[in-house]
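Below is one structure, written out as structure tokens; the observations come after it.
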Amino acid sequence: MKLPRLLRNTATLLILLPVLAAQAATPDWVQTPPQRPGFVFGVGAADLSLGYAEASEAAKLSARNEIASTLKLQVGSELTLNNVSDETGSRSTFNNNIRIRVPDIALSDIRIVESREVTEHNTLYSLAELDLNAAASRVAQEIRTLLADAPRNGVSGDLSSQLRQHYQSMLNELQYTSLLQQYRLLGGKQTFDDSAITQRAEQGAQFFEQLLIQLDARDELSTGIASNIAAELARRGLRTSASGDKASLRLQLQSSSRQMARNNAFYCNIKTNATLSTQGQTLSASSRSAKSVSGDSDLACQKAGEKVAALISRELMENFWKTLNSPQPKQN
1 MKLPRLLRNT ATLLILLPVL AAQAATPDWV QTPPQRPGFV FGVGAADLSL
51 GYAEASEAAK LSARNEIAST LKLQVGSELT LNNVSDETGS RSTFNNNIRI
101 RVPDIALSDI RIVESREVTE HNTLYSLAEL DLNAAASRVA QEIRTLLADA
151 PRNGVSGDLS SQLRQHYQSM LNELQYTSLL QQYRLLGGKQ TFDDSAITQR
201 AEQGAQFFEQ LLIQLDARDE LSTGIASNIA AELARRGLRT SASGDKASLR
251 LQLQSSSRQM ARNNAFYCNI KTNATLSTQG QTLSASSRSA KSVSGDSDLA
301 CQKAGEKVAA LISRELMENF WKTLNSPQPK QN
């Protein structure tokens with residue numbers, strides 16, 4: 001029997017109303033995420049005004065971060081080397097600027113279970129889950145691969161090559177530390193033999209601490225700045241000397257200054273170029289300037305020298321690590 005149009009429309013509306021209501025309602029899991037042994041759940045939300053595709057990614061990231069927070073994982077964390085390198089167990093001072101950002105392997109298996117648009121809130125909600133056993137297995141495999149690939153033989157080659165090998169050993173330990181932390185937070189119970197990777201990292205720290213850097217000041221102004229740079233590098237666990245005897249690295253400094261007096265104040269601007277090298281290979285370089293003002297001209301330049309030394313030291317070390325983290329240049 002064919003229904004009149006009005007009845008047909010009414011029937012269709014009655015059918016659609018529960019569907020529309022269901023689409024608009026906020027899902028229960030937004031306020032009360034599911035609980036299931038061996039799994040962690042996270043809820044994310046994003047504004048639909050971003051567009052569905054972007055909102056979907058944002059909601060997923062939000063849910064991922066909630067899972068990480070539940071596990072107390074530091075998403076995108078950056079680790080800094082803090083090594084024990086002698087028999088007395090004292091902390092090595094050579095522990096700064098060596099940083100590594102380790103991928104969050106523990107979160108690789110996060111899966112979006114459900115997404116729901118709530119038009120009333122103009123919001124897209126996403127429910128994500130992480131299988132703890134699967135995630136722990138993935139991280140454990142990463143650890144085993146890292147430990148298996150870690151070199152066990154001594155370093156070889158010229159000084160530049162040895163620097164790279166020791167630096168990589170310290171990075172390997174940092175990566176292992178991060179992965180092991182992720183594994184434990186996932187509930188992993190397995191133990192790993194990390195003696196080789198730890199020993200290599202300790203040898204690396206000792207190697208860098210024993211390096212001697214010759215400070216080669218090319219002008220009188222650089223001589224004063226060299227003493228400030230020596231103090232800055234000492235705080236980073238590196239030794240310096242004005243003599244080239246027994247020095248493995250050479251830090252060449254060249255500086256210039258501009259001074260000006262105005263209204264009983266003295267302005268001093270110092271620019272310094274620095275190059276760190278070994279056996280004709282440049283390992284790091286920096287060119288920075290700094291200025292200072294004082295009622296005394298000598299004091300103004302002294303302060304400017306201290307500032308530029310701090311800037312040079314920081315940039316030199318940053319570029320130094322970048323060089324050591326890059327492939328060894330091919331020899332002609």
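Numbering follows this note's numbering, in which position 14 of the sequence shown is assigned residue number 14; successive positions increment by one, without gaps.
Even for Gly, the Cβ is constructed at its ideal location relative to N, Cα and C.
Where R200 is concerned, the enclosing alpha helix (DSSP H) starts and stops at S195 to Q210. Taking the CA atoms as reference points, V113 sits about 13 Å from P27. With contacts defined by Cβ atoms closer than 7 Å, L249 and I213 form a contacting pair. Collapsing the DSSP output to three states places T119 in coil. Judged by beta-carbon spacing, Y125 lies within the 7 Å limit of A45, meaning their Cβ atoms are closer than that value.
If you look at F39, you'll find it isn't in any alpha helix (DSSP H); it sits in the beta strand (DSSP E) that goes F39 to D47. Out of Q254, D296, I110 and I312, the CA that lies nearest to the CA of R218 is found in Q254.
Annotated three-state conformation of R164 is helix, per DSSP.
Across the set Q206, S284, R314 and V308, the C-alpha of Q206 shows the shortest separation from the C-alpha of M170.
Between R64 and L127, the CB-CB gap reaches or exceeds 7 Å. By the neighbour-count definition (other C-beta atoms within 10 Å, threshold 16), P33 is a buried residue. Judged by beta-carbon spacing, L179 lies within the 7 Å limit of I143, meaning their Cβ atoms are closer than that value. A straight-line Cα-Cα distance of about 40 Å links L163 and Q259. N122 sits close to L48, with the two beta carbons spaced by under 7 Å. Scanning R111, A300, A201 and E129 for the CA closest to the CA of L147 turns up A201. R111 is classed as exposed because its beta carbon has fewer than 16 other beta carbons within 10 Å across all chains shown. If you check the CB distance, V155 and Q165 come in under 7 Å. Bounds of any alpha helix (DSSP H) do not take in F266; it lies within the beta strand (DSSP E) bounded by A265 to T278. Where R235 is concerned, the enclosing alpha helix (DSSP H) starts and stops at E220 to R235.
For the pair D104 and R184, the Cα-to-Cα distance works out to about 13 Å.
As the crow flies, the alpha-carbon of A136 is around 8 Å from that of Q182.
The alpha carbon of F320 has as its nearest neighbour, out of G237, S286, A230 and V30, the alpha carbon of S286. Rounded to the nearest whole angstrom, the CA to CA distance from T191 to N325 is 29 Å. D131 is bridged by DSSP to F39. By the criterion of a C-beta distance shorter than 7 Å, W29 is surrounded in its chain by V43 and L127, once the five residues flanking it on both sides are discounted. The C-beta separation of K291 from N269 comes to about 4 Å, placing the pair in contact by the 8 Å criterion. In the DSSP assignment, V30 falls within the unbroken alpha helix (DSSP H) covering D28 to Q31.
T240: member of the beta strand (DSSP E) spanning R239 to S241, first to last residue. Under the three-state reduction of DSSP, S156 is assigned to coil, being neither helix nor strand. If you ignore the 5 residues before and after A196, its C-beta comes within less than 8 Å of the C-beta of L147, A150 and R152, all in its own chain and listed in chain order.
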